[in-house]
Every structure is written in C-alpha cells, then in structure tokens.
Amino acid sequence: MAKIITDVVCPFCGTLCDDLEVKVSDDGKEILEVYNACVIGTEKFLHSQAEDRLTVPMKQDEEGNWNEVSIDEAVDYTAQMLCNAKKPLMYGWSSTNCEAQSAGHEIAELCGAVVDNTATVCHGTTLIAVQDVGVPSCTLGEVKNRADRIVFWGCNPAHAHPRHMSRYSIFPRGFFTGKGHKARKMVVVDPRSTDTAKMADLHMQIEQGRDYELLSALRVAIRGNPLPETVAGIPRETIQDVAETLKSGRFVVIFFGMGVTQSLSKNHNIDIAIALTRDLNDYTKAAIMPMRGHYNVTGSGQVLGWQFGFPFCVDLSRGFARYNPGDSTSNDLLRRGEVDAVFVLGSDPGAHFPISSVKKIAQLPSVCVDPHYTPTSAVCKLHMPTAFVGVEEGGCAYRMDNVPIETRKVVEPPEGMLSDEGFLERVLARVKEIKGVA
Amino acid sequence: MAEYLIKNGFVFDPVLGINGDKVDIAIKDGKIVQSTEIKNPTVVDAAGKTVMAGGVDIHAHVAGPKVNVGRNYRPEDKLFTYEPGKGVKRMAGGFSVPTVFRTGYKYAQMGYTTVMEAAMPPLYARHTHEEMRDTPILDQGAYPVFGNNWFVLEYLKNHEVENTAAYISWLLRTTRGYAIKIVNPGGTEAWGWGLNCNSIHDPVPYFDITPAQIMKGLMDANEALRLPHSVHIHTNNLGNPGNYETTLDTFKLFQGEKPNNDFGREQVMHHTHVQFHSYGGDSWANVESKADEIMNYVNNNDNMTMDLGCVTLDETTTMTADGPFEHHLTELNHLKWANTDVELETAAGVVPYIYSPNIKVCGIQWAIGLELGLLAKDPMRVFITTDHPNAGPFFRYPRVMKWLMSQDAREAQMDALKWAEKVRSATLLSGLDRELTLYEIAAMTRAGTAKALGLSHMYGSLKPGLEADVAVYDYNPETAEDPELIEKAFGNAAYLFKGGEIVVKEGEVVSNGNKKTLWVDAKVAENPQVQRDIAEKFMRYYTVTQANYEVNEKVFMKNPYRIEVDATQ
Chain F
9 MAKIITDVVC PFCGTLCDDL EVKVSDDGKE ILEVYNACVI GTEKFLHSQA EDRLTVPMKQ
69 DEEGNWNEVS IDEAVDYTAQ MLCNAKKPLM YGWSSTNCEA QSAGHEIAEL CGAVVDNTAT
129 VCHGTTLIAV QDVGVPSCTL GEVKNRADRI VFWGCNPAHA HPRHMSRYSI FPRGFFTGKG
189 HKARKMVVVD PRSTDTAKMA DLHMQIEQGR DYELLSALRV AIRGNPLPET VAGIPRETIQ
249 DVAETLKSGR FVVIFFGMGV TQSLSKNHNI DIAIALTRDL NDYTKAAIMP MRGHYNVTGS
309 GQVLGWQFGF PFCVDLSRGF ARYNPGDSTS NDLLRRGEVD AVFVLGSDPG AHFPISSVKK
369 IAQLPSVCVD PHYTPTSAVC KLHMPTAFVG VEEGGCAYRM DNVPIETRKV VEPPEGMLSD
429 EGFLERVLAR VKEIKGVA
Chain U
8 MAEYLIKNGF VFDPVLGING DKVDIAIKDG KIVQSTEIKN PTVVDAAGKT VMAGGVDIHA
68 HVAGPKVNVG RNYRPEDKLF TYEPGKGVKR MAGGFSVPTV FRTGYKYAQM GYTTVMEAAM
128 PPLYARHTHE EMRDTPILDQ GAYPVFGNNW FVLEYLKNHE VENTAAYISW LLRTTRGYAI
188 KIVNPGGTEA WGWGLNCNSI HDPVPYFDIT PAQIMKGLMD ANEALRLPHS VHIHTNNLGN
248 PGNYETTLDT FKLFQGEKPN NDFGREQVMH HTHVQFHSYG GDSWANVESK ADEIMNYVNN
308 NDNMTMDLGC VTLDETTTMT ADGPFEHHLT ELNHLKWANT DVELETAAGV VPYIYSPNIK
368 VCGIQWAIGL ELGLLAKDPM RVFITTDHPN AGPFFRYPRV MKWLMSQDAR EAQMDALKWA
428 EKVRSATLLS GLDRELTLYE IAAMTRAGTA KALGLSHMYG SLKPGLEADV AVYDYNPETA
488 EDPELIEKAF GNAAYLFKGG EIVVKEGEVV SNGNKKTLWV DAKVAENPQV QRDIAEKFMR
548 YYTVTQANYE VNEKVFMKNP YRIEVDATQ
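Residue numbers (our numbering), protein chains in the order written: chain F, 9 to 446; chain U, 8 to 576.
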C-alpha cells in the first residue's frame, strides 16, 4: 500500500509551493508519484531517486583521479581547509535550509570566512537598491486577494516560476478578486516574446538594456508630464496607456527578474522601479517584488541579516562583519585572487560563474557539498554528497515574499547519508577541536 | 546548581516593599530562596551597589520580519558598532537595529532578563521565533497582531466574542504567541487600499466595523480567555498633531471595565508608547504637549497600564505594523521606505528617522516622553520604554532613567536643544521638579511590567520562589551625586544572574544563559464553526496551507515555556 503525504513544500524555486502531494512506497523509501507540482518540482523529487546518485564522498588526488573517502575524512579535510585558509569563501546557501545556513555561519565566524549567497549573481542588485530606497512590498496572498494590475518586468514565470501565475498572480480568485484573471490587467516588459509575454494584455517589447529609460518614462507619464515620441523602443502612447492602466488600478504589483537586475544599470534599474512603485502609492496602492530563484536564497539573506546585519557577501575575515558589494562579493574576490579556499554548498557556481572565477576555484583547495555531482564538483577537490532538503530532510525556507515555511521530509535518505546541517555540525565540531575553542 | 548569596547591596523591590535597605539575596536551584535555605554559597559582595530583580521589557521590536528589514536595508546602521566575538560571545553589531547577538548582550549588560517582542505578524511567526531562538540570554515572548485580522473583523462585526476568543486561542497556540497586540486597528487593513482610519470611529473599508468596536471586542475576548496579559494597544492616529483626543477616546472605551484572570494582572488594557499619542495643536507649527491631560486620565483610572516610548534624540529606524503611518512618515522625511502588507492579517512599514536636537518637534517629543513618566502617580502602571527602535534604541534606557531621576540632567539636555525656548513653551517639562527614585524606577522597569504581563509569579521581584534573575549595579544611592553615574551604572551591570546562573560578571558577558521562550496556551471549548472558518480561509485566501502554518515548537523555539490557561468554563 502506497501512502500519500500532503502539504509537501517544493524545494525548487522561490515560489515555494506548499500544496504538493507525494505518493511514497509503503516502506517510506521510494517516491512513486508527485502531484500538484510543476514539471521542474516533480523532477526535483523524482531525481532524488536516481540510481546513479552519489552517496559517498569523493576526493580528487593530485593526478585528478577521484577516490572514495570516508565521511570522517571529508569532515576533516573540510575543517582543515577552512582553518588553514586566511580568507576562505563559503558560497551558496540558496538550496539548503536555514538551519544549515546557521551552522555554516558559525564555522565562517570561527574561520574568518566570507559568506556569500547566489544573490551575488541574481538579486544582489535588488538588495543594494533596497538599501538605497527601501521597498514597498507585500505577501503573495495580498496579490491573490487584492491585485488587479500585474506587471512582469524582465522575468518569465511561465518557465522559471511555473505555478506563480496560477497560485498567486494572474489566475486565482481571491477575496476581492472574485473574477480571477478576467478582472486583472497583465503587463509584461521584456525584449523577448516569451511565453509569459504572449499571455499579457500588453507586452512592451523594450529594446535590450533600456529598462532604466522606460521606468523613468513611466514615472514621467504617471505625473502627466510630456514624453518624447518613443522611449526604449516603446511609443509614447503605449507608455501613457500603461501609466494610466496602473494608476487606475486598485492594487498594482510589479514582479521583476534577472532581466532587469543583471542588465545594464543593474541596481539603478531597481532603484527606479521601486521609485515608480513609490510614486504609484500617491494615486493607488502599489507593491513590488523580486522573483527570487532558488527556493531559499531569501532565507540565506534573512539568516545573514539577523546574525550579521547584511543580506549577502558578508566578510567575517577581520573578526567583525563587513559588507561591500563589488569588493566582498564572490566573483570579485575570486578574480582578484583574494581567497585561498572555497567551500560551496547549496549552489552551483561551476555552472553559473564566469569561467575566470571557475578557473580560480579549480586552483584552490575546495569542497563542494551537493546531493548531485555538478560542474562545481568537477573543479573542486572534494565532493560531499548530502541528503536533499525538502525531500529527505525538513527545515525552514523563505519564499520570495520572505514568508518562512517549514519544508517536509517525505522519504529517508540513502543509509548513512548526512544532511547539510548534519555535515556542517560535524565540520563545526572539528573546527572547534582544531582551533581549541570550547 | 550553584548557590549564591548577594550580600550587603542596597535592594530596591516594590513587590516586597524594600526601598534601599541592605538585604542579602540568596539563590538556589535557579530560584530566589530565603538566606537560611542555602548552605555553601558563592558570596557576591554587593556592598555599595544597587540590587534589583532582572529587568522586564514589556514592549520592544527585537525579532521578526520588520526588524530584519531594518537590519538588512540599513548597512549604515552597523558603522562603528561591531565587536568581535570573544569567549562565549559571537561577533555582534548594529546600532538602532542590532543583530540578535548584540540584542541579547546589550540587554544583559543593562540588567534585563526578559524582553517581549511587541508585534508578530502571524504568517511570519516562524521567522520571529527563529530570531528569538538565536537571541542569547533573554527570556522572550511575542505578541501576534490581531487588530486588522480578517477573522477578528468578521466575528466582531457580528458581535461574536466567543468565536473571536476561540480564534485567538487557536492563533496563539499555532503561532506560539503570548498576547493580543492591536496596532492601528482597522487602519492597517484600510492600508491594503492605501487608506487609513484616523479616528476610532472611522469605518474600516468593506468590513463595516470601527476601530472602537475592534478594540473593545478584543478586550472582551481577552478577558473571556483570562489571558495573563491584557490587550496591548497602539491606537489610531499615531504621531499626528492633535492626536491626544484619539488617545483619550481610546482610553475611555475601557472605563470601568474589570479584569478577569488568575495572574494578578489588574489592567484591562495596556497602551503602548504613549509619547507618540500625546500631541496637541493642529499642525507641526503649533504642536504641543498634552501629557498632562493624558496622565490625568491614567492617574485616575487604575484599570489600565501604559509605557512611555521616550525619544532619545538618536538616529534610529522606525518600524511598526501601522503601515499607513510609515507611508506618512516617508512622505514627511523623504528617507527610504519599506512596506509589507501581509495577507488577511496586517502590514508593516520601516523608515529611518533622525530625532535631531536641532529640530523643534523632536525636542517636544523628547520632553513629552519624560513628562509622562514624571506625571505618573503610580509607577507600577507606567513603564519605561523607547518603543525600541522607534523612539530610540533600547540601550538608551539608562539615559532615560538619568533624565527621569535628575532635573539637572533634563535641564542640561533642554539647554542643548537648538530650539530650547520653543520646546519649553510647548511643553511642561521645565516646570516639573520631580525626580524619580530607584524604588520607582524598579517599579517602572521590573515589578510593574512583570505584573502587567501576568508574570509576577516568575519575574519582577526578589521574592523567594521567583526566578533568580538579579541585577547588581555599581551605583551607591547614598553617595552618588553626578547624574551621569546613573547612565553609566545602569548600562553596565556589575553582575547579572539569569535563572540562577551568572551571565554578566564585572561588566562582561560570561554565559549565554538558558533562555526560555514564553507562550500562552489558552484552552477553549471546542468550536466547530471557528475550525470550519479557519479551514475555509486557508483553502481560499491564504497562500500557505493550514497544515504548514503552525510553528513547530521543537524546531523553532529554544526552551519553550507554555503558560496554560483554562477558559473552557
């Protein structure tokens, strides 16, 4: 008899859907079916069952051959590496739970590490903009229950956050939004004709990299001031039309993604997008929200915040926390050769960092902790496989609107396998031994 | 556990009526005991020092989502504040919104052992508990906000107090909350549409109920539930010239009402940070103090308590579930604005603020906070706070004490204001020559707050049987003359015992203690209608499932301490 586990939280994207149902075998060891999840979420659960999954730590010798090592050896190597380094980089933290992040931070503090998360290459610019101008925002339920004007700017939820539109933003019928999508106006700003853009009431097909200008033009239009004939490739009338659509809404929400955070102008794009939202609050109610990618990148920023006061790229190497994006950010440190060891958990910089950074990782003592063998593993000296958070291990994660949800364990990990937190606790204990602290 | 004897100190304990007498305090197994009960104690020499119970803060914003927004979006708040880890201490920094570690250490250094988080959005309860779990030393609890909750608005619109109480019981248990907090009742729901309720009779959009009905109905539910603390109110119209009338209207709602509980609490409502609610005039040009009218009411009605919300003239970070107020504030000072509307429950805003001694209004606000304290006839009902971090950071409490205890110190500060004469003419402060005593300070920071929280069976006094939370300050009330000594001594406890363990020794934090997280479990008769309403709201309007809403005690709380109440009768 198979059993169904309900209210399961999906550990894939920042949408953090918590209504999944997972059918597991009677002995609780095998996942048979996943219901309610998008294709990516489903695959995340099913992939944990892959037969070729790594279960034993692997270490690279000097010739580049991989050999199995014991967990004790993996713990010792990691602890020694972090203790011997003058300024280790501890990067990732976005695909793990807050408990593991917390254990990692304690290690980082003892070893004088830099702690950075994936915001460094996605919404870090957003975090900087928030430090400049703040952020009027809301929870996703406010969008569902109140919002009648939805803007997707530089993001493509149809592919990246597949259930976002059906759960929260476009289709659901909420308390004050009983007509669902029929009473919502959807605006998409994207240079590409994405699957999200195709669904929009209005697609502003902006010229690549001209977001700042268009946002600025919208602020002008909202105030009723004159505009040139076209801005960023969009005709004046369209901009005025969108401005009027937003002003006439009861509750406006702007969702934005890496199309604006990582294009030209970076954090300045977000500054002005927030300023636009702020302006709209003079006429109606308006909020803005980043489309966070990893399911717990938001949580990493939160835990770093309450423990050290900064949301990413926190440099603890001098015995107190420093924060200086562009200086204490991972790629800047790697490319300048400022770190002498790299620890990666809950992310895959090998696949996403510039090749110049990846080459640096390859030259340094390095550890990759990940359930999967990833491009990062390939350049690290040690690969430590762990249990999947949200599948084989519970723990807290924060949704893109900062709402914390406790993920659920649905199956047992392979025998003898540690969780991220369990591994980090072991490393922490070893670090304390090496450093001689109580 | 170790036994201690704190000898020869000047003890101040309003519960026991000890006013500066030299009394030895004995500690055994984490509790205060009679001196005769200990055999081989470690003796702590407190000769020439002041001894009080551990401080109990009834209202501060120290954990949770808006606090963390304050931390993360103000890197400038960390400048020059960081201290490296040492011994048992983690590295810690931050000024107006310190990291959780610094919060724990700083309170301990002030001799405080219990701190209540004053506003917890239920949907973010897990976050609030995660921060409290990481905050060392302090016993803590958190007040979930109810004043704009859709369940409450709908039940009270229909005068369903019993259902309201059943819902409150469920929410306190589910979020591991401590008390009923009300912030800008109705106004924060109106903020969902960019609107507000400026008086207690403004109808809430759509819900067809008024703030007065919300506050009164929640009080009825609170008393029906026999909760340890009363409703904890931040009323409408905060921070506006002329708002003292709204405040008095709020007070009068509760006139003649009687408390119902087994915890020794005597008030039916606590009004918080009254300084922000005591303004006369009709614009910032003619704003003036109405502290006398406010305190006249408070002094004559013993069924209420309040805290001050003293402005400390610092650069700080304001944060409140009063969403429309924070928007109003950012329009006023043009500094950065963060806002989060929380589905079905509440909203919150965060805006930095500089209480400059060069600005007339800031001087007036500073004076009003102190006037309220000096005009209080019963210090067991009027408590020292700064509404941390709204009117100033909590570690300025010793400075507030200095101002309350010394007219010279007040006048020196008044003279240092740029618009001293204008502040003098708009306020009463210069005419008040009262200087509070240490006995009164002990009431305003320990005995009174513990009693108002329904925790006098645990904290607030040095009575045998209570938690052994004891602060020893290097302050000799017989010889100390310079008011600066007050600030220095009460910001740097010589010793702090927490639950019978030494946490601060000679000014240094030496232990992270064994903190408790307090929550209230109020049992009510089974209520199928409320259970059905909860299930329906989660299904249709929330974005998390009901099963994923509850805070898991084992995972998210350090040393949970359940206070049980039986309201089934």
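Backbone N, C-alpha and C define an ideal beta-carbon position, used for all residues, glycine too. Predicted, not measured: the structure shown is a model, and the values here were computed from it.
- A Cβ-Cβ distance of about 5 Å is found for the pair Asp428 of chain F and Thr104 of chain F, placing them in contact under the 8 Å criterion.
- Selection F:Val228, F:Leu436, F:Ala395 evaluated against Glu420 of chain F yields F:Ala395 as nearest (Cα-Cα).
- When secondary structure is reduced to three states using DSSP, Ala60 of chain U falls in the strand class.
- A Cβ-Cβ separation of about 30 Å leaves Thr269 of chain F out of contact with His391 of chain F under the 8 Å criterion.
- Under the DSSP assignment, Asn75 of chain U falls in the alpha helix (DSSP H) whose first and last residues are 72-79.
- With respect to chain U, the C-beta atom of Gln57 of chain F has no partner C-beta closer than 8 Å.
- Separation of Ile34 of chain U and Ile45 of chain U (C-alpha to C-alpha, rounded to the nearest whole angstrom) is 8 Å.
- Interface criterion not met: the Cβ of Gly334 of chain F is under 8 Å from no Cβ in chain U.
- Beta-bridge partners assigned by DSSP to Ile158 of chain F: F:Met194, F:Val261.
- Counting only residues of its own chain and dropping the five nearest sequence neighbours on each side, Arg109 of chain U has a CB closer than 7 Å to the CB of Ala99, Gly100, Gly101.
- Boundaries cannot be given for Asp269 of chain U, as no beta strand (DSSP E) includes it and DSSP labels it neither H nor E.
- No Cβ of chain U is located within less than 8 Å of the beta carbon of Ala405 of chain F.
- Look at the segment 67-97 of chain F and you find these whole runs of alpha helix (DSSP H), each 4 residues long or longer: 79-92.
- Residue range 293-298 is occupied by the beta strand (DSSP E) that includes Ala294 of chain F.
- If you check the CB distance, Tyr185 of chain U and Tyr150 of chain U come in under 8 Å.
- Chain U places no beta carbon closer than 8 Å to that of Trp161 of chain F, leaving this residue out of the contacts.
- Nothing from the segment 219-252 of chain F brings a Cβ to less than 8 Å from some Cβ of chain U.
- For Tyr568 of chain U, the closest C-alpha among the options U:Thr524, U:Thr550, U:Asn559, U:Asn26 is that of U:Thr524.
- Contacts with chain F at 8 Å (Cβ-Cβ) include Trp200 of chain U.
- When the alpha-carbon of Pro212 of chain U is set against those of U:Ser176, U:Trp157, U:Gln262, U:Phe258, the nearest one is in U:Trp157.
- The beta carbon of Tyr304 of chain U lies closer than 7 Å to those of Leu255, Phe258 in the same chain, with the five residues before and after it left out.
- Each residue's CA atom was taken as its position, placing Ile221 of chain U and Trp161 of chain F some 40 Å apart.
- For Ser385 of chain F, no beta strand (DSSP E) segment is defined; the enclosing uninterrupted segment is the alpha helix (DSSP H) at 383-387.
- Taking C-alpha positions only, Asn339 of chain F is separated from Phe183 of chain F by approximately 45 Å.
- Residues of the segment 304-327 of chain F whose Cβ lies closer than 9 Å to any Cβ of chain U, in chain order: Gly309, Gln310, Val311, Leu312, Gly313, Trp314, Gln315, Phe316, Gly317, Phe318, Pro319, Leu324, Arg326, Gly327.
- Take the alpha-carbon of Glu169 of chain U and the one of Ala355 of chain U: they are about 28 Å apart.
- Among the CB atoms of chain U, one or more fall inside 8 Å of the CB of Ala295 of chain F.
- Burial is judged here by how many other beta carbons sit within 10 angstroms of a residue's own beta carbon; Phe87 of chain U has fewer than 16 and is exposed.
- Remark: fewer than three beta-carbon pairs, one from each stretch, lie closer than 8 Å, so the segment 271-280 of chain U and the segment 359-369 of chain U are not flagged as touching.
- Interface flag for Glu414 of chain F against chain U is set, since a Cβ pair is found closer than 8 Å.
- CA-to-CA, the gap between Ala60 of chain U and Lys505 of chain U works out to about 10 Å.
- The beta strand (DSSP E) runs lying completely inside the segment 183-237 of chain U and spanning 3 residues or more are 188-190, given in chain order.
- In the three-state scheme derived from DSSP, where H, G and I count as helix and E and B as strand, Asn340 of chain U is classed as helix.
- When the Cα atoms are used, Gly111 of chain U and Gly316 of chain U turn out to be separated by approximately 20 Å.
- Between the alpha carbons of Asn75 of chain F and Gln315 of chain F lies a distance of about 37 Å.
- Using beta-carbon distances, Thr337 of chain F does not count as an interface residue toward chain U, since no partner is under 8 Å.
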